[in-house]
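For the sequence shown, this note's numbering gives the first residue as 5, with consecutive numbering after it.
Ideal placement from N, C-alpha and C gives every residue a C-beta, glycine not left out.
Quick caveat: nothing in here was measured; it's all calculated off a predicted structure.
A short worksheet on the structure shown next.
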Amino acid sequence: LKEAQYLSITSDMWTSDATLNFITVAAQFLDKNFILHSRVLETLDYHDTHNSDKIRERQKVLISWEILDLIVCVVTDNTSAMVKVGKDLNLGWLGCFAHLIQTIVKVGSDIHDIKTQIKNVEKTVCHIRRSYKAKDNLRDAQQSIGLSSRNLIQDVETRWNSTFYMLQRFVEEEPALSMCFTNQDFLNRFKDPSIITSDYFTLLFQTVRYFS
């Protein structure tokens, strides 16, 4: 940080796999050779609610290093609490563009047909990941047509792009999955009427292109 002439600060709240809440503040800067550097200033437990006043108090502590005069911009996501934090710090605020894109994609995926098929994929993926027999069915189908044995991906709402990765892997495994959907042993255990058909796969292929 001593080499930095100007700094941008990024901050976000996040939840670990153990469902513990944290808030992290990081600094970014370019050195004299225009190489981008990023440094984590602090990561702390955060047990309070997403209240902007409480977040701001914590962030004031986190960025009270001897770098305040170098800060040209504070970047946060576009949630109302974090927007208020960024603007109230009076250090220059910019909304995260990646978060904005994620929000746009989420709104776009709420179209009824797309939303329905995403839910169907989620149920199918969840069943296969939880059932060792269903995993065996998928693995046998993959091997029978010369595909490598790859697991399906489960999306997580709070993890950006996870729905895209889930759908992408799902359509890549379409030949093996189609075999599973004609396997009576698999169907007897799945017991779900919303099986992905060939027509649905066509829509899923289009959805993946849309997400791309």
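Selection from the options that minimises the alpha carbon distance to residue i
i: N192; options: I105, I132, W69 and S148; result: I132
i: T211; options: Q121, D16, S182 and D196; result: Q121
i: V109; options: R163, E176, R173 and F33; result: R163
i: T128; options: E177, S84 and E46; result: E177
i: L34; options: T47, S84, V44 and L5; result: L5
i: S152; options: P179, S113 and D189; result: P179
i: I157; options: R173, S148, V111 and G150; result: R173
i: M170; options: F215, R143, S12 and D49; result: F215
i: T83; options: D16, R213 and F194; result: D16
For residue i, the first and last residue of its enclosing alpha helix (DSSP H)
i: I149; result: No alpha helix (DSSP H) holds I149; DSSP gives it neither H nor E.
i: L74; result: Segment: none, L74 is in no alpha helix (DSSP H) and carries neither H nor E.
i: S42; result: That residue, S42, is in no alpha helix (DSSP H); its beta strand (DSSP E) goes L40 to D49.
Spatial distance of residue i from residue j (CA atoms)
i: E161; j: T23; result: 14 angstroms
i: I115; j: E7; result: 49 angstroms
i: S135; j: Q32; result: 44 angstroms
i: W97; j: N124; result: 40 angstroms
Span of the beta strand (DSSP E), counted from its first residue to its last, around residue i
i: Q106; result: First-last for Q106: F101 to G112, but that is the alpha helix (DSSP H), not the beta strand (DSSP E).
i: S15; result: L11 to T19
i: F194; result: Element bounds for F194: not the beta strand (DSSP E) but the alpha helix (DSSP H), Q188 to F194.
i: A85; result: Element bounds for A85: not the beta strand (DSSP E) but the alpha helix (DSSP H), S84 to D92.
i: N37; result: Run containing N37: none; DSSP gives neither H nor E here.
Residue-level contact to chain B via CB, residue i, 8 angstroms cutoff
i: L104; result: Going by chain labels, chain B is absent from the structure shown, which holds only one protein chain.
Assumed close pair residue i, residue j - CB separation to whole angstroms, cut-off 8 angstroms
i: M256; j: A145; result: What is shown of the chain runs 5 to 216, which leaves residue 256 out entirely.
Worksheet item: Can you list, in chain order, the stretches of the alpha helix (DSSP H) that have 4 or more residues and sit fully within the segment 130-181?
Response: 136-148 and 166-176
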